[in-house]
Amino acid sequence: MSTADLLSRAATAAIDFLANVEQRPVIARGTAEEMRAAFGVPLNANGRGPEEVLRALIDAADPGLVASAGPRYFGFVIGGSMPVTVAADWLTSAWDQNAGLFVASPAAAAAEDAAAAWLIDLFGLPAGVSSGFVTGCQMANFTALAAARHAVLGAQGWDVEQHGLIGAPPVEIVVSAESHVTIYAALRLLGFGISRVHVVPADDQGRMRADLLADTMRGLSAPAIVCAQAGNVNSGAFDPLEDIAAIVHEHHGWLHVDGAFGLWAAASPAHRALTRGIELADSWATDAHKWLNVPYDSGLVFVRDTNAHRASMALIASYLVAADNGQRDAFDWVPESSRRARGFAIWAAMQTLGRSGLAALVERCCSHARLFAELLRREPGITIANDVVLNQVLVRFGSDDVTREVIARVQRGGVCWLGGTTWHGAAAMRISVSNWMTSAEDVERSVAAIVEAFHDLS
Ligand SMILES: *Cc1c(COP(=O)(O)O)cnc(C)c1O
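Residue numbering for the sequence shown follows the working numbering, beginning at 7 and increasing consecutively.
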């Protein structure tokens, strides 16, 4: 079979999958055991034809695929993929560019530079901040906090890249009680440890309390790195960034903002006010695979102090010739060396949507979240546990046990998928609307499935 025929078959299978993704049950049909059996065949001695292998791959995978690319997947914070981004991603694989260094792909470098410039403008970040394209917000948080580590220790005369953390001057780390788990992962990877952080309490919506941050900062004896967030993973709430920035900078600290999905609120005139003060931070982390709806994996980091960013990440080796003509090598700004050219799909998404399309995408998801809340709140016994300011809705069904059982039944039902969480010590259903395809009918169908599961129990 020719390369063209093989790739056409793959394209046909992908197109079929996407054409039916709305009709598929959202859950995977295959059990873990069935999936292990489907893939766990012996490694054959002499290989098989690619055509046969492609067929086998599709057949093995299908029962274990989750329709998270479809319009009724509301678990975690998971975006789908707009068709143009799938197309751009296919080309990215075919082109197989190493986006790590300029000389290996001037096209990938230029696409990333252009997309980063649009995003810096769209998010309202200060002109001149540096950027990096990473796998997701966890690595974006890691990269930003590595830059912070460089700067905060550098200000005390310590070169952390040369000398490491053993024997380094002290640094204080401040997070909120609602900081995302990936902040802790980043702190762990950076050698800060997670039990010595200062945790600032959050308010009823999950926003860091600025007054209590001020108290914490006053009690510190070393320079601090403070981690705030734009978009609480449960409630969607935003930390009061303007107040937080003023406090952090009064104490000469570094303010990092985790804006995995919340940063995208800045693209919408109706929601931009939530991000007030965001431009005052020192570093920002976000995802493209969530709200921009590009395929996995895709995240971005931005840093105000470009020297600290580069110093914490730069690769130095004799055979790696630095880019000239003012071009930059992407591997000097991210943890990875060789890397997928993620900029193409982001470039394609943003060109396709334009400013108004980006605003509409954000606003549509938020209005669907409000519709969820409005319809569910009408049912006696169902309560909405958060102010629905963005795309996140938290739902309670009386007791913890009933809430957990409703979630389990809805998940098994396959109409939609959503997960659970603990909110103020009580079980809650978490609904996140992040997919470009979701329609009001999808919300209505999903609400009907949720209400039915609840009524079956009561
Ligand atoms: C999703 C999320 C992250 C982690 O992002 P990944 O893309 O999974 O690496 C970090 N912070 C917040 C608030 C998130 O919602």
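Heads up, the beta-carbon is just placed ideally off N, CA and C, and yes, glycines get one too.
Would residue i and residue j qualify as a contact pair, given that the criterion is a beta-carbon distance under 8 Å?
i, j, result
"residue 4", "residue 178", "This structure leaves residue 4 out entirely; the chain is present only between 7 and 464."
"residue 189", "residue 233", "yes"
"residue 23", "residue 423", "no"
"residue 216", "residue 246", "yes"
"residue 299", "residue 397", "no"
"residue 258", "residue 85", "no"
"residue 50", "residue 344", "no"
"residue 341", "residue 145", "yes"
"residue 410", "residue 432", "no"
"residue 314", "residue 153", "yes"
"residue 421", "residue 455", "yes"
"residue 308", "residue 126", "yes"
"residue 460", "residue 412", "yes"
"residue 399", "residue 375", "yes"
"residue 219", "residue 250", "yes"
"residue 142", "residue 338", "no"
"residue 306", "residue 82", "no"
"residue 73", "residue 30", "yes"
"residue 303", "residue 288", "no"
"residue 180", "residue 222", "yes"
"residue 214", "residue 182", "yes"
"residue 238", "residue 212", "yes"
"residue 35", "residue 69", "yes"
"residue 346", "residue 98", "yes"
"residue 403", "residue 390", "no"
Apart from the five residues on each side of it in sequence, which residues of its chain come closer than 7 Å, Cβ to Cβ, to residue i?
i, result
"residue 3", "The structure shown does not extend to residue 3, since the chain spans only 7 to 464, so no value can be given for it."
"residue 147", "188, 189, 192, 264, 291"
"residue 12", "56, 57, 60"
"residue 166", "155, 156, 159, 174"
"residue 87", "75, 299, 300, 301"
"residue 416", "422, 424, 455, 456, 459"
"residue 248", "282, 283, 286"
Whose C-beta lies closer than 8 Å to the C-beta of residue i among residues of the same chain, with five residues either side of it excluded?
i, result
"residue 252", "286"
"residue 130", "272, 278, 281, 284, 285"
"residue 161", "229, 258"
"residue 64", "19"
Within the same chain, show all residues whose beta-carbon is closer than 6 Å to that of residue i, passing over the 5 residues directly before and after it, in chain order.
i, result
"residue 381", "453"
"residue 115", "108"
Within 10 angstroms of its Cβ, does residue i collect 16 or more other Cβ (buried), or is it exposed?
i, result
"residue 37", "exposed"
"residue 26", "exposed"
"residue 133", "exposed"
"residue 186", "buried"
"residue 78", "buried"
"residue 301", "buried"
"residue 108", "buried"
"residue 7", "exposed"
"residue 430", "exposed"
"residue 184", "buried"
"residue 20", "exposed"
"residue 428", "exposed"
"residue 163", "exposed"
"residue 200", "exposed"
"residue 297", "buried"
"residue 202", "exposed"
"residue 45", "exposed"
"residue 270", "buried"
"residue 94", "buried"
"residue 123", "exposed"
"residue 320", "exposed"
"residue 262", "buried"
"residue 136", "buried"
"residue 101", "exposed"
"residue 426", "buried"
Given the structure, does residue i come close to ligand 2, in the sense that its CB is under 7 Å from one of the ligand's heavy atoms?
i, result
"residue 118", "This structure lacks ligand 2; the ligands present are ligand 1."
Quick check on the contact list: which residues have their beta carbon closer than 5 Å to a heavy atom of ligand 1?
83, 142, 143, 144, 186, 188, 239, 264, 266, 293
Is the segment 363-370 touching the segment 266-280 in the sense that three or more CB pairs, one from each, lie closer than 8 Å?
yes
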